[in-house]
Amino acid sequence: MSTHRSWTIRTENSADIARVHAINAAAFDTPAEAELVDQLRTDSAWIDGLSLVATDDTDTPIAHILLTRNHIGDTEAVCLAPMAVLPEYQRSGAGGALIRAVLREAATRGERFVTVLGHPEYYPRFGFDRASKYGIAMGVEVPDEALMVMSLDGSELPRGIIRYAAPFGV
Numbered sequence: 001m002s003t004h005r006s007w008t009i010r011t012e013n014s015a016d017i018a019r020v021h022a023i024n025a026a027a028f029d030t031p032a033e034a035e036l037v038d039q040l041r042t043d044s045a046w047i048d049g050l051s052l053v054a055t056d057d058t059d060t061p062i063a064h065i066l067l068t069r070n071h072i073g074d075t076e077a078v079c080l081a082p083m084a085v086l087p088e089y090q091r092s093g094a095g096g097a098l099i100r101a102v103l104r105e106a107a108t109r110g111e112r113f114v115t116v117l118g119h120p121e122y123y124p125r126f127g128f129d130r131a132s133k134y135g136i137a138m139g140v141e142v143p144d145e146a147l148m149v150m151s152l153d154g155s156e157l158p159r160g161i162i163r164y165a166a167p168f169g170v
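When the count follows my numbering, it moves up by one through the sequence shown with no breaks and lands on 170 for the last residue.
Dropping the structure here:
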């Protein structure tokens, strides 16, 4: 599949819920991420409009991304997790298209800061940088290079410990 394909990106709707679960279950080694999305749907961290899907030509979701509320210290932020692409569509550009779209949407909604715990060779191309450079950490030990943050509006990043929604279990 070509990496130059343009994807249709849209907000997830109620008809997509089972498909989003299936995408997350297929994209990861365990069902944990799929179950996390299901739990976040009923949590106060859920932000309507920040769960997006990339669809194929029949409007069937093939990839999903989610931003939910978290905090850096006492400052509101959003957490990018999870981002999942069906295995047969991985490396097609769908994930990158979703990341760019969800970051744009978050910025238009006035969100200022985004955190991600992810692949250190992937997320920096979208503007993420190592959190420890800004005095930002998690309350549990994670690989330093995998914890990343970005400012959506150019504001100085706040220092502090990242607090995730309860379903994350950290």
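Glycine included, C-beta positions come from ideal geometry on N, C-alpha and C. Computed from a predicted model, the values in this text were never measured in an experiment.
For L52 and I62, which I take to be in contact (beta-carbon distance under 8 Å), what is that distance rounded to the nearest angstrom? The residue you call residue 52 lines up with position 52 of the sequence shown. The residue you call residue 62 lines up with position 62 of the sequence shown. Their Cβ separation, rounded to whole angstroms, is 12 Å, which puts L52 and I62 out of contact at 8 Å.
Tell me whether H119 is buried or exposed, calling it buried when 16 or more other Cβ atoms sit within 10 Å of its Cβ. Indexing the sequence shown from 1 puts residue 119 at position 119. Under this definition H119 is an exposed residue.
With DSSP collapsed to three states, give me the class of S14. What you label residue 14 is simply residue 14 of the sequence shown in a count that begins at 1. Helix, per DSSP.
Test item: CB-CB of V78 and I99 under 9 Å: Here residue 78 corresponds to residue number 78 of the sequence shown, with the count starting at 1. Here residue 99 corresponds to residue number 99 of the sequence shown, with the count starting at 1. Taking 9 Å as the Cβ cut-off, V78 and I99 do not qualify as a contacting pair.
Beta-carbon proximity check, V114 vs M150, cutoff 9 Å: As a working note, residue 114 is residue 114 in the sequence shown. As a working note, residue 150 is residue 150 in the sequence shown. Taking 9 Å as the Cβ cut-off, V114 and M150 qualify as a contacting pair.
Considering V149, what are the terminal residues of the beta strand (DSSP E) in which it resides? Here residue 149 corresponds to residue number 149 of the sequence shown, with the count starting at 1. Unbroken beta strand (DSSP E) run through V149: 147-151.
Three or more C-beta pairs closer than 8 Å, one from the stretch 34-42 and one from the stretch 120-129: is that the case here? no
From E105, D43, E88, residue whose alpha carbon lies closest to that of F172: Absent from the structure is residue 172, since the part of the chain shown begins at 1 and ends at 170.
Keeping to the same chain, check which residues put their C-beta closer than 6 Å to that of T8; ignore five residues upstream and five downstream. Stepping through the sequence shown from its first residue, residue 8 is reached at position 8. Cβ within range, chain order: T55.
When burial is assigned at 16 or more other CB atoms within 10 Å of the CB, is P31 buried or exposed? For the purposes of this step, residue 31 is taken as the residue at position 31 of the sequence shown. Exposed, since its Cβ has fewer than 16 Cβ neighbours within 10 Å.
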